[in-house]
Amino acid sequence: MKYNDLQTNSTKDRKRVGRGISSGYGKTAGRGTKGQGARTGKKLRPTFAGGQLPIVQGVPKLRGFKSKRVPAQVVYTDQLNTVKGAKIDNFALFDAGLISTPYHAVKVIARGELTCKATVEISAMSKSVIEVLASNGGKFVKTPVPIKKSTKPAEDKPEKVEK
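When the letters of the sequence shown are read in order and numbered with the numbering used here, they come out as residues 2 to 164.
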């Protein structure tokens, strides 16, 4: 006999309980003896724990607050030296591989030497870095985060007909 020659039935017969002791499900019909579960009309929710506090209420809840604000991407001063050009913005930092996306806030923090003389146009910079940049001859311009342009094609809007 081969596996593909087997004659099988995909539907299983339902369990016929309460049909005599020889069936294995006679007398109490698989409900045990006495108690709430043995009675007809038993409707208990899954979290019910016999009248005491449900386990859901006993579990400690998460306290506090979790911010959904995306933190600024961090760039260090020694990394700024590697960026080429007189103007450094989100797109220049992205092209240099220093940030993951140009469409989020970026903050420059002091670490190492800053030797570049450039105009830095990003959303934030620490005070010490602003001072060092100014002493090198560069300047910091606070700019808002660039907004991603839509990739959807522009739809032709029908002209309004005046009456």
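Ideal Cβ positions, reconstructed from N, Cα and C, are used throughout, including at glycine.
- Partner residues in the beta bridge of ASP90, as assigned by DSSP, are GLU122.
- The straight-line gap separating the alpha-carbon atoms of VAL107 and VAL76 is approximately 7 angstroms.
- Secondary structure at PHE95: helix, using DSSP grouped into helix, strand and coil.
- The Cβ atoms of HIS105 and GLN80 do not sit closer than 8 angstroms to each other.
- For LYS16, the closest alpha carbon among the candidates TYR26, ALA125 and VAL84 is that of TYR26.
- Linking LYS35 to GLY59 through their CA atoms gives a straight-line distance of about 28 angstroms.
- The alpha-carbon separation between THR41 and ASP14 amounts to approximately 23 angstroms.
- Within the segment 53-90, the complete beta strand (DSSP E) segments at least 3 residues long are 74-77 and 88-90, listed from N- to C-terminus.
- If you look at LYS43, you'll find it isn't in any beta strand (DSSP E); DSSP assigns it neither H nor E.
- The DSSP assignment places complete beta strand (DSSP E) segments of no fewer than 3 residues inside the segment 103-148 at 107-110, 120-123 and 140-143, in order along the chain.
- The three-state secondary structure of SER11, taken from DSSP, is coil.
- Rounded to the nearest angstrom, the Cβ distance from THR120 to GLY139 is 6 angstroms, consistent with a contact under 8 angstroms.
- C-alpha of ASP96 to C-alpha of SER11: approximately 60 angstroms in a straight line.
- Residue environment for LEU99: buried (at least 16 other C-beta atoms within 10 angstroms of its C-beta).
- Proximity to SER136 across MET126, ALA125 and LEU115 peaks at LEU115, based on C-alpha coordinates.
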